[in-house]
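Report on the structure given below.
In our numbering, the protein residues as written are 23 to 238.
Rendered as structure tokens:
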């Protein structure tokens, strides 16, 4: 891990610390449950053992990219880890100034914040920037809606590349491998989806009403 990456990861904003004070404990508990040592987790994530130790002990923060690596190694998702560490999981309001995470470990690559507290059935994320996030592909168990609040993004899904601008949206069905990235640092993008691990069940259709009287 390079020195600049370490510098980016040890920066800890007060809002981040207030919203996810137990993130290190959550990572520690999940690692122990998976029966992984710090050295083994470091090898799986390609993150340094010292960084992981500092994260578990609450002495450093993490970018979304690094948290996704940790989540992959622990067979979960970054949003699930954040939900488990949320300081007010029952709150129905997320204020504009509440904590966010850097998207990557590089300078000026935008941020992401969850628009819901705790483990909810709806996953809602707000991304600012993200010009370098197109390197990673995602596949979800439920459908996902990508909406561009402002700016322009590129979405690649099922071999098709499309450009979306302010007000455009993209409906990505479950199971479709996809990736996307912003064209500028001030781009704002919303991602909405049913939380991973939940199954959407549709109520069975009842008999259709025709409005006609039943025959005698």
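All C-beta atoms, glycine included, are put in the ideal place defined by N, C-alpha and C.
Predicted, not measured: the structure shown is a model, and the values here were computed from it.
**Asked** Taking just the CA atoms, how far does residue 105 sit from residue 42?
**Response** Using only the alpha carbons, I get a separation of about 9 Å.
Inspect the beta-carbon positions of residue 213 and residue 147 and report whether they are closer than 8 Å.
Cβ atoms of residue 213 and residue 147: closer than 8 Å.
- Query: What does DSSP give as the partner residues of residue 205 in its beta bridges?
  - Reply: In the DSSP output, where bridge partners are listed per residue, residue 205 has none listed.
Practice problem: Please confirm if the stretch 152–160 is in contact with the stretch 185–192, defined as three or more CB-CB distances below 8 Å between the two stretches. | Solution: The stretch 152–160 and the stretch 185–192 do not touch, with fewer than 3 CB-CB distances between them shorter than 8 Å.
Do the stretch 107–114 and the stretch 44–60 make contact, defined as three or more Cβ pairs closer than 8 Å? Segments in contact, yes.
task = Note down, one range per segment and in chain order, each beta strand (DSSP E) of at least 3 residues found wholly within the stretch 116–200.
result = The qualifying runs are 133–136, 144–150, 166–172, 174–179, 182–187 and 191–194.
_Distance check for residue 142 and residue 76, CA to CA, integer angstroms please._
Going by the C-alpha atoms only, they are around 28 Å apart.
Residue from 71, 166, 93 and 137 with nearest C-alpha to residue 60:
Checking every option, the nearest Cα to that of residue 60 belongs to 71.
CA nearest to the CA of residue 185, picked from 167, 204, 78 and 196: The candidate whose alpha carbon is nearest that of residue 185 is 204.
Pick from 69, 208 and 179: whose alpha carbon is nearest that of residue 171?
Nearest of 69, 208 and 179 to residue 171, Cα basis: 208.
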